[in-house]
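Per mature numbering (1 follows the signal peptide of the UniProt record, and there is no 0), the sequence shown runs over residues -25 to -1, 1 to 712.
These notes concern the structure reproduced below.
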Amino acid sequence: MLFSFTKIQLALLFSLLLGVPLSSAIGCPYANHGSDVLSKRQDGTDKDRLPGDDGYLDKFYVNDTDVYTTTDFGTPVADRVSLKAGERGPTLLEDFVLRTKITRFDHERVPERAVHARGAAAHGYFESYADWSNITAASFLGKARKQTPVFVRFSTVAGSRGSADSVRDIRGFATRFYTDAGNLDVVGNDAPVFFIQDAMQFPDLIHSVKPRQDNEIPQAATAHDSAWDFFSQNPSTMHTLMWALSGPGIPRSFRHMPGFGVHTFRFVNDDGESKLIKWHFTPKLGKAAFVWPEAQTLAGMNSDFHRQDLYDSIERKQYPEWEVGVQIVDEKDMLSYGFDMLDPTKFLPEELVPVTPLGKLVLNRNPRNFFAETEQVMMNPGHVVRGIDFSDDPLLQGRLFSYVDTQINRHGGPNFEQVPINQPHVPVHNNNRDGAGQGLIHLNIIAYGQNSLNNGSPKLANRTQGKGFFTAPARMVVDGAYVRDVSPTFMDFWSQPRMYWNSLVPAEQQMLVNAARFELSKVTSVAVRENVIRQFNLIDNGLATRVAAALGIAAPKPDPKFYHNNSTAYISYFRNPLLSVEGLNVAILASVNSATSMEQAKYLYSAFEAIGAHPIIIGEIMKEGVDQAYVSANAVLFDGIIATDGTKDLFTLKGGSTYFPSQVPGNLFRDGYAYGKPIAAIGNGKAGLELANVATKGEKGVYIVGSTERELKQLVKDFESGLKTFKFLNRFAMDKE
Ligand code: HDE
């Protein structure tokens, strides 16, 4: 009997020897049709898996190569032509192949998210810098270099699922950590503050910013009466509004965007000691934002710009990265910083409490199926693990209810945690049962506690046994009567917006003023406009006066109750250059009719690729050596624009071209300059600058050079620094004092 194996043992042996996952070895009908696809993508072996890919999703991948079509219940069928009574006769009810195919199609859509419907996501990993068990019992932070799989979804808030990426809005930044002690979701935004202080106001806020109820206009925009009526009637919105009206409202990409947990949370260590914390995700590339005219045009030129930027940079192996850190505050200091740490409309300046870096977050794998992963991921701030705890922030408390509720609506039942992308990568044991779409076969029929028939299993985990979640022992309730009221510690709505305003560079303040002018010029109610000016005037008289001037409203007298000169160095998007040019799009304008131009384009392509930028050669037609045709080119798609020597004719097209509108090449320079981008002309490419009438030699961010190799080398160097500057602020008009 020495070599007698059961079928399972044989399968296990086979699977171990050949590296074939167990489920395919035993012929499981649903699991693991995907090993072929996976091996192609990841070079065949587990060794080649990227960090963070623990193979958890492998068993769910389906590969349809070289197999027959089947029905959902496994019968092989042909599903191209329906069953009819005679070739030209009526289709028969009997045709289960047709009926199921159509039924499945009819049910493909699920409700989009009520907010944050538009988004994109990627897989990756978190790596802890150190053992942080002195401050938190969270196991994923318990060891230096420990890696944890993550899935991060970025989003806009107000727009529908098909809306444009570059609209003005706060961005969602939701990170799921698949830790070895369960899932932790940090469901944050790209601003560290939120519009309202109490969950009770959330439906009101969202009703006001969503499109009008009668005509569903405008899509994904706050530039309408109801949004600004809500803002001006609810001054808690002022602070987040300032963020939305400036850089964070129109980020260059998700890769250039920070993330914040917004609310105060808690770290708790094994001994039960707790600290208040605020989550920060800081982009390794630095922060960058569009300017508004650029973002608007982009919505038409490529409404998927952010989604594509994320996808493409991962495919190019330029993995987006953030440093994850926390501000740590003693429990007793809840009210020590001039505001209440429970108030989500306030942020804690880094000058007061610096961010402690905990680890890095890297995104290195695109989802394989948008619906299955990105659309079905159901983030929830209530997904916490041992070592993390909540605070009494009333907005957070309301969120802890909302997210599960909304998932049940979207999924049509309570088993949404069983969807592959939502499954924790650790076993799930409890007495929750049944419901629509139950995907597990529970063998425990003693589905209650306390029981004796199953030895009390599943057992209860807590602080001292089973490494369970526990509430921070130091969490105290402030004694008081039941009230439906706002705390007096939540009542200063203007000091922090003023600090925000004080912290922007002048050109950035101007962008904010311009954004407010744009939005309010679309507000039809004069009373609403005046109410906004009154609110702005509590923040800063200059802000109010400048916006008012564009609306034909008289300059208000200063209302200095909340005026001060405090500022913080960490807010501005335009104060510091980018830290890297990684993945920035450099348009190299070429002419297929000029050998010099094509050669130079090739040279520049290699040079920019070598420094990590993303060069794109533009030509009259698509052919070898050309990445994009002028017909689809627009300055908004590129971070910098260079015309090669030999492109002169492009800029002097008499009578135009049928391959592209004749104004396109010139407009690339005209608009690129107006949007503050670095631009360059080599040799007779200078004709482009002349046509666009935009720049002169010696102007910052404008490079005019000859064609020698020395000059080209220097150009690449200078242009790299121009790309890091990102926006040449001197080109933007400023209000006269
Ligand atoms: Fe959300 N929010 N939210 N929110 N939120 C949702 O949950 C809600 C709030 C945030 O990529 C919904 O699954 C309420 C603050 C992100 O899948 C919903 C309140 C912050 C995402 C919901 C808030 C956020 C959501 C819609 C006030 C920043 C997208 C679909 C009490 C800290 C997550 C869903 C993803 C999504 C409710 C306030 C961020 C309806 C009631 C504050 C990033 O449950």
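Using N, Cα and C, we set each Cβ at its ideal position, and we do this for glycine too.
query: For ligand 1, any of its heavy atoms closer than 7 Å to the Cβ of GLN208?
result: The residue labelled residue 208 in the question sits at position 233 within the sequence shown. No.
task: Go to VAL677, then tell me how far its beta strand (DSSP E) extends in each direction, as first and last residue.
output: Mapped onto the sequence shown, residue 677 falls at position 702. DSSP places VAL677 inside the beta strand (DSSP E), whose first and last residues are 677 to 680.
- request: Quick one: give me the first and last residue of the alpha helix (DSSP H) that PHE129 is part of.
  value: The residue given as residue 129 occupies position 154 in the sequence shown. Note, PHE129: premise wrong, no alpha helix (DSSP H); beta strand (DSSP E) at 122 to 131.
LYS536 - DSSP class collapsed to helix/strand/coil: Working through the sequence shown from its first residue, we reach residue 536 at position 561. In this structure, LYS536 counts as helix in the three-state DSSP scheme.
- request: Taking LEU336 as part of the beta strand (DSSP E), name the residues at either end of that continuous run.
  value: Counting from one through the sequence shown, the residue named residue 336 turns up at place 361. Where LEU336 is concerned, the enclosing beta strand (DSSP E) stretches over 330 to 340.
message: Residues in the same chain with beta-carbon distance under 8 Å from PRO531, minus the five sequence neighbours each way, listed in chain order, please.
response: If you number the sequence shown from 1, residue 531 lands on position 556. So the qualifying residues of the chain are ILE508, ARG509, ASN512, ASN516, ALA519, THR520 and ALA523.
- prompt: Looking at C-alpha atoms only, which residue of GLY431, SER432, PRO369 and PRO533 is the closest neighbour of VAL458?
  reply: Within the sequence shown, numbered from 1, the residue matching residue 458 stands at position 483. Residue PRO369 is the option with its Cα nearest to VAL458.
- prompt: Beta carbon of VAL522: closer than 7 Å to some heavy atom of ligand 1?
  reply: Numbered from its first residue, the sequence shown carries residue 522 at position 547. Not under cutoff, so the answer is no.
query: PRO535 to SER138, Cα distance in whole Å?
result: Walking along the sequence shown from the start, residue 535 turns up at place 560. Walking along the sequence shown from the start, residue 138 turns up at place 163. Cα to Cα, PRO535 sits roughly 40 Å from SER138.
query: For LEU273 versus ARG230, is the C-beta spacing smaller than 8 Å?
result: Here residue 273 corresponds to residue number 298 of the sequence shown, with the count starting at 1. Here residue 230 corresponds to residue number 255 of the sequence shown, with the count starting at 1. Not a contact, by the Cβ cut-off of 8 Å.
- request: Return the chain-ordered ranges of every beta strand (DSSP E) run that is complete within the stretch 508 to 594 and spans a minimum of 3 residues.
  value: 560 to 564 and 589 to 594
- prompt: Taking ALA89 as the reference, which of TYR648, ALA119 and VAL184 has the closest Cα?
  reply: Residue numbering aside, residue 89 sits at position 114 when the sequence shown is read from its first letter. If we check each option's Cα against that of ALA89, VAL184 comes out closest.
- prompt: Which term fits GLY673, buried or exposed, when burial requires 16 or more other beta carbons within 10 angstroms of its beta carbon?
  reply: Taking the sequence shown and counting its residues from 1, one reaches residue 673 at position 698. Exposed: under 16 other Cβ atoms inside 10 Å.
field: Close Cβ partners of THR619 (< 6 Å) along its chain, the five nearest in sequence each way excluded
entry: Here the question's residue 619 lines up with position 644 in the sequence shown. ALA565, SER572, GLN575, ALA576, ILE657 and GLY660.
message: Measuring only from the beta carbon, is PRO319 closer than 7 Å to any heavy atom that is part of ligand 1?
response: In the sequence shown, counting from the first residue as 1, residue 319 sits at position 344. Yes; taking the cut-off as 7 Å, the Cβ of PRO319 has a heavy atom of ligand 1 nearer than that.
task: May I have the straight-line CA-CA distance separating GLY9 from ASP28, to the nearest angstrom?
output: Indexing the sequence shown from 1 puts residue 9 at position 34. Indexing the sequence shown from 1 puts residue 28 at position 53. In this prediction, GLY9 has a pLDDT of 37, which is less than 50 and means its spatial position is unreliable; what the coordinates show is noted afterwards. In a straight line, the C-alpha of GLY9 is about 15 Å away from that of ASP28.
message: On the CB-based measure, 16 or more other CB atoms within 10 Å of its CB, does LEU698 come out buried or exposed?
response: As a position in the sequence shown, residue 698 is number 723, starting the count at 1. Label assigned to LEU698: buried.
- prompt: Does at least one heavy atom of ligand 1 sit under 7 Å from the Cβ of VAL359?
  reply: Looking up residue 359 in the sequence shown gives position 384. No - ligand 1 has no heavy atom lying nearer than 7 Å to the Cβ of VAL359.
- prompt: Excluding sequence positions up to five away, which residues of its chain have a Cβ less than 6 Å from the Cβ of ARG385?
  reply: Looking up residue 385 in the sequence shown gives position 410. Excluding sequence neighbours, ARG385 sits near VAL85 and PRO86.
- prompt: How should PHE345 be labelled, buried or exposed, when 16 other C-beta atoms within 10 angstroms of its C-beta is the threshold for buried?
  reply: As a first step, residue 345 is located in the sequence shown; it is residue number 370 there, counting from the start. It counts as exposed.
- prompt: Ends of the beta strand (DSSP E) at VAL299?
  reply: In the sequence shown, counting from the first residue as 1, residue 299 sits at position 324. It spans 296 to 305 - the beta strand (DSSP E) in which VAL299 sits, taken as one unbroken run.
- request: Determine the burial state of PHE152: buried for a count of at least 16 other Cβ atoms within 10 Å of its Cβ, exposed for fewer.
  value: For the purposes of this step, residue 152 is taken as the residue at position 177 of the sequence shown. Counting Cβ neighbours within 10 Å, PHE152 comes out buried, since at least 16 surround it.
message: Could you tell me the alpha carbon to alpha carbon distance between VAL125 and GLY600, rounded to whole angstroms?
response: Within the sequence shown, residue 125 is the residue found at index 150, counting from 1. Within the sequence shown, residue 600 is the residue found at index 625, counting from 1. So the alpha carbons of these two residues sit roughly 38 Å apart.
task: Report the residue ranges of all alpha helix (DSSP H) runs contained in full by the stretch 581 to 661; include only those spanning at least 4 residues, in chain order.
output: Complete alpha helix (DSSP H) runs here, min 4: 623 to 626 and 639 to 649.
field: Extent of the continuous alpha helix (DSSP H) run through TYR378
entry: Residue 378 sits at position 403 when you count from the first residue of the sequence shown. 369 to 386 is the extent of the alpha helix (DSSP H) around TYR378.
query: With respect to 7 Å, is the separation between the Cβ of HIS91 and the closest non-hydrogen atom of ligand 1 below this value?
result: Here residue 91 refers to the residue found at position 116 of the sequence shown. HIS91: yes, Cβ under 7 Å from ligand 1.
Residues near LEU333 by beta carbon distance below 7 Å, same chain, minus five either side: Working through the sequence shown from its first residue, we reach residue 333 at position 358. Excluding residues within five positions, the ones whose Cβ falls inside 7 Å are SER103, TYR104, TRP107, LEU116, VAL299, GLY300 and VAL301.
- prompt: In whole angstroms, what is the alpha-carbon distance linking PHE703 and GLU248?
  reply: If you number the sequence shown from 1, residue 703 lands on position 728. If you number the sequence shown from 1, residue 248 lands on position 273. In a straight line, the C-alpha of PHE703 is about 49 Å away from that of GLU248.
C-alpha distance - ALA588 paired with ASN341, whole-angstrom precision: For this step, residue 588 is matched to residue 613 along the sequence shown. For this step, residue 341 is matched to residue 366 along the sequence shown. Whole-angstrom Cα-Cα distance: 20 Å.
Extent of the continuous beta strand (DSSP E) to which SER500 belongs: Position 525 of the sequence shown, counted from the first residue, corresponds to residue 500. Neither: SER500 is in no beta strand (DSSP E) and is coded neither H nor E.
field: Sequence-distant residues of the same chain with beta carbon closer than 6 Å to LEU559, five excluded per side
entry: Here residue 559 corresponds to residue number 584 of the sequence shown, with the count starting at 1. For LEU559, where only same-chain residues beyond five positions count, the Cβ hits under 6 Å are ALA588, ASP614 and LEU698.
query: Just to confirm, does TYR378 get its C-beta within under 7 Å of one of the non-hydrogen atoms of ligand 1?
result: Here residue 378 refers to the residue found at position 403 of the sequence shown. Relative to ligand 1, the nearest heavy atom lies less than 7 Å away from the CB of TYR378.
- request: Drop a sphere of 10 angstroms on the beta-carbon of ALA195, count the other beta-carbons inside from all chains shown, and report buried for 16 or more, exposed for fewer.
  value: Within the sequence shown, the letter at position 220 stands for residue 195. Classification for ALA195: buried.
query: Anyone know if the C-beta pair for VAL161 and GLY94 falls short of 8 Å?
result: The residue you call residue 161 lines up with position 186 of the sequence shown. The residue you call residue 94 lines up with position 119 of the sequence shown. Contact: no.
message: Looking at the secondary structure, which residues open and close the alpha helix (DSSP H) in which ASP318 lies?
response: For the purposes of this step, residue 318 is taken as residue 343 along the sequence shown, with counting starting at 1. That residue, ASP318, is in no alpha helix (DSSP H); it is neither H nor E in DSSP.
query: Where do the N-terminal and C-terminal ends of the beta strand (DSSP E) with ASP160 fall, by residue?
result: Residue 160 sits at position 185 when you count from the first residue of the sequence shown. Judged by DSSP secondary structure, ASP160 falls within the beta strand (DSSP E) whose first and last residues are 157 to 164.
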